[in-house]
Amino acid sequence: MMIMKKKICVSVAVFALAFSAITSFSSVVYAKNNDPALARLEQYAAAINEQSKRSIGYPVNHNICLDGFYEWYTKNHLDKLMINNAGDPMKSSALLNSATFEREVLEHFAPKYGFDKETFWGILSFSGTDGNDHGIYFGRNYLETTTNMKPIVYVSKEAHYSNMRLCHLQNLEVRLIDADEHGRMIPEAFEKALEPSRPALVVYAMGTTFKGGVDDQAALNAILEKKKPVAVYRHVDAALFGGYLPFTEMKDMVNRNVNYFDSIAVSGHKFFGMDEPAGLFLTTKEVLSKQRSFAAEYLSLNGDMPMINCSRSGITPLKFWWLINHDGDKHWTNDAKNMLETAKWFDAQLKAFNYPSFIEPNSNTIYFKRPPEEIMTKYGLAGGSDERLGGKLAHLIVMQHVDKKKLQSFIDDLKASLKKE
Ligand SMILES: *Cc1c(COP(=O)(O)O)cnc(C)c1O
19 MMIMKKKICV SVAVFALAFS AITSFSSVVY AKNNDPALAR LEQYAAAINE
69 QSKRSIGYPV NHNICLDGFY EWYTKNHLDK LMINNAGDPM KSSALLNSAT
119 FEREVLEHFA PKYGFDKETF WGILSFSGTD GNDHGIYFGR NYLETTTNMK
169 PIVYVSKEAH YSNMRLCHLQ NLEVRLIDAD EHGRMIPEAF EKALEPSRPA
219 LVVYAMGTTF KGGVDDQAAL NAILEKKKPV AVYRHVDAAL FGGYLPFTEM
269 KDMVNRNVNY FDSIAVSGHK FFGMDEPAGL FLTTKEVLSK QRSFAAEYLS
319 LNGDMPMINC SRSGITPLKF WWLINHDGDK HWTNDAKNML ETAKWFDAQL
369 KAFNYPSFIE PNSNTIYFKR PPEEIMTKYG LAGGSDERLG GKLAHLIVMQ
419 HVDKKKLQSF IDDLKASLKK E
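Just so you know, we're using this note's numbering here: the sequence shown kicks off at 19 and counts up by one.
Below, the structure is given as structure tokens:
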């Protein structure tokens with residue numbers, strides 16, 4: 019009996035082994051190397067690739083074109099080095115760095131937001147959030163050094179949560195202003211909240227996270243003009259919209275010579291197609307000159323350290339530079355056009371069968387009545403709610419990889435699911 023049992027166990031084990039070899043991906047490579055870690059990663063890669071086919075709920079680009087970059091990078095053994103852009107990218111540093119490329123990337127983008135090549139200052143940040151962190155921190159320092167008073171931050175309730183979080187982190191008094199049903203800060207509510215005896219640090223939302231609402235800067239500026247706070251600093255949170263707007267006819271929306279602002283934050287991994295979190299933070303040398311001086315001797319070649327983080331990625335600037343120099347602007351112009359057209363098309367498709375759907379002007383974000391749970395899960399959608407629009411909502415963001423074919427499948431699935439209800 020004992021022998022029999024053992025035999026069965028062995029044959030089951032052999033079968034299980036054979037079965038796992040058949041069902042696992044790229045089994046040949048790791049079976050040979052007998053590397054269970056690689057086997058696990060192969061499975062992860064297969065699952066992620068599968069999941070990406072239905073990923074339409076978040077504002078990132080899954081059509082990344084860094085073809086050749088990694089080949090160049092590893093061919094030259096740069097993957098053996100730690101390239102670090104710690105410090106001010108406008109100054110030289112003794113570290114192994116890619117600051118020259120970072121400067122070129124910043125110089126490429128600065129004019130698109132109306133900054134002058136001679137007088138702007140900026141960094142490639144870690145993300146939109148990191149850019150907001152710098153915007154709020156630089157704004158606060160600017161206002162405190164010029165007025166000797168602590169500012170109050172004004173930001174709409176529907177702006178990205180990072181702004182509230184960062185005010186808390188920086189111990190700043192923040193007034194959250196109500197937003198209308200389009201996600202825009204309500205000017206009358208702003209006027210009521212605005213305290214003229216204190217400096218005002220206003221964060222304008224250039225595309226709220228859920229609805230893609232854009233604060234009416236002209237109306238809010240008129241209020242600032244009327245109530246005249248002792249000093250004003252304007253930071254624009256344009257994480258997503260700030261990526262594509264410069265490549266459309268609406269480019270003036272993010273041009274500080276038309277809609278004045280002191281700093282702007284844009285995500286690098288949303289529209290531009292970076293494959294890791296990254297961002298742009300741009301401001302002026304005038305704002306930089308009002309920061310608190312704090313010379314770090316160990317980085318003495320670089321002098322003062324105005325930014326929050328010490329080490330910053332040296333790879334990010336290289337990738338960004340790669341994108342710019344492989345027809346970046348041409349691709350981005352084409353992408354922006356397609357995305358905005360497809361978003362409008364999708365909104366029209368939903369409305370065509372009387373499904374409640376909304377889209378703000380110049381937005382790639384469509385928000386609509388929350389679909390049945392199976393649809394939410396299948397497409398990885400994010401939920402929200404607004405009683406003024408009938409309660410529970412969901413949204414979908416048309417990025418580069420979200421084409422009409424994918425959206426048509428979504429619509430077919432949605433219709434089928436609604437029929438079942
Ligand atoms: C995505 C987003 C952020 C956060 O940006 P990250 O790059 O994810 O840190 C901030 N603000 C807005 C408006 C966003 O859409």
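Even glycine gets a Cβ: it sits at the ideal position worked out from N, Cα and C.
Going by alpha carbons, who is nearest to residue i out of the options?
i    : options                   : result
P169 : S215, F265 and D106       : S215
G291 : L258, D134 and F312       : L258
R121 : M108, N150, P129 and G132 : M108
L242 : M323, N115 and P205       : P205
G140 : L219, D280 and G261       : D280
S329 : L124, F376 and L114       : L114
L407 : L190, A296, Y373 and M271 : Y373
A218 : K362, F228 and V192       : V192
L187 : T147, G260, D293 and G401 : T147
N277 : Q235, E294 and G286       : Q235
A237 : M203, E60 and S311        : M203
K288 : K210, N273, Y262 and M268 : Y262
E439 : E391, L399, E162 and S427 : E391
One question on the structure: do residue i and residue j come within less than 8 angstroms of each other, judged by their Cβ atoms?
i    : j    : result
D421 : T360 : yes
D196 : M224 : no
Y88  : G157 : no
G75  : I393 : no
T383 : H413 : yes
P264 : L142 : no
T17  : A112 : Within the shown structure, residues of the chain are numbered from 19 to 439, placing residue 17 beyond reach of any answer.
L300 : F144 : no
K308 : N159 : yes
Y172 : V232 : no
F208 : G402 : no
G149 : V284 : yes
L411 : Y385 : yes
D345 : I82  : no
L298 : F138 : no
I333 : V123 : no
D97  : Y91  : yes
Buried or exposed, going by whether 16 or more other CB atoms sit within 10 Å of the CB of residue i?
i    : result
E176 : buried
V78  : buried
K253 : According to the sequence as given, residue 253 is His; it is not Lys. H253 comes out buried.
Y397 : buried
F338 : buried
I282 : buried
C185 : buried
T226 : buried
Y62  : exposed
P389 : buried
Y179 : exposed
V305 : buried
I66  : exposed
M325 : buried
A246 : Just to set this straight, residue 246 is Lys in the shown sequence, not Ala. K246 is exposed by the Cβ-count criterion.
H152 : buried
A39  : Any reading at A39 needs caution, since the residue's pLDDT is 43, under 50, leaving its predicted position unreliable; the model's value is listed next. Its Cβ having fewer than 16 others within 10 Å, A39 is exposed.
D365 : buried
W15  : Because residue 15 is not part of the residues shown, which for the chain are 19 to 439, the question remains open.
S381 : buried
M417 : buried
T302 : buried
R58  : exposed
R183 : exposed
G105 : buried
L432 : buried
K423 : exposed
What I want to know is whether the C-beta of residue i ends up closer than 7 angstroms to one or more non-hydrogen atoms of ligand 2.
i    : result
S281 : For ligand 2, the structure offers nothing, since it holds only ligand 1.
Can a CB atom of chain B be found closer than 8 angstroms to the CB of residue i?
i    : result
D322 : Judged by its chain identifiers, the structure shown contains no chain B, having just a single protein chain.
In the segment 229 to 282, which residue ranges form an unbroken beta strand (DSSP E) of at least 3 residues, counting only runs that do not cross its ends?
For the segment 229 to 282, whole beta strand (DSSP E) runs of length 3 or above, ordered along the chain, are 250 to 255.
Please go through the segment 50 to 78 and give each complete alpha helix (DSSP H) segment of 4 or more residues, from N-terminal end onward. The segment 50 to 78 is shown to contain whole alpha helix (DSSP H) runs of 4 or more residues at 54 to 70, in chain order.
Pick out the complete alpha helix (DSSP H) segments inside the segment 154 to 220, 4 residues or longer, and give them in chain order. Taking only runs of at least 4 residues, the alpha helix (DSSP H) segments lying wholly in the segment 154 to 220 are 179 to 187 and 205 to 211.
Enumerate, from N- to C-terminal direction, the unbroken alpha helix (DSSP H) stretches of 4 or more residues contained entirely within the segment 70 to 123. Taken in chain order, the whole alpha helix (DSSP H) runs of length 4 or more contained in the segment 70 to 123 are 87 to 93.
If we require 3 or more residues per run, which beta strand (DSSP E) segments fall completely within the segment 360 to 397?
375 to 377 and 383 to 387, all fully within the segment 360 to 397.
Fully enclosed by the segment 415 to 439, which alpha helix (DSSP H) runs are 4 residues long or longer?
-> If one requires a minimum length of 4 residues, the alpha helix (DSSP H) runs lying completely within the segment 415 to 439 are 422 to 438, in chain order.
To test your reading of the DSSP string, which unbroken beta strand (DSSP E) runs of 3 or more residues are found completely within the segment 285 to 350? Qualifying beta strand (DSSP E) stretches, in chain order: 297 to 302.
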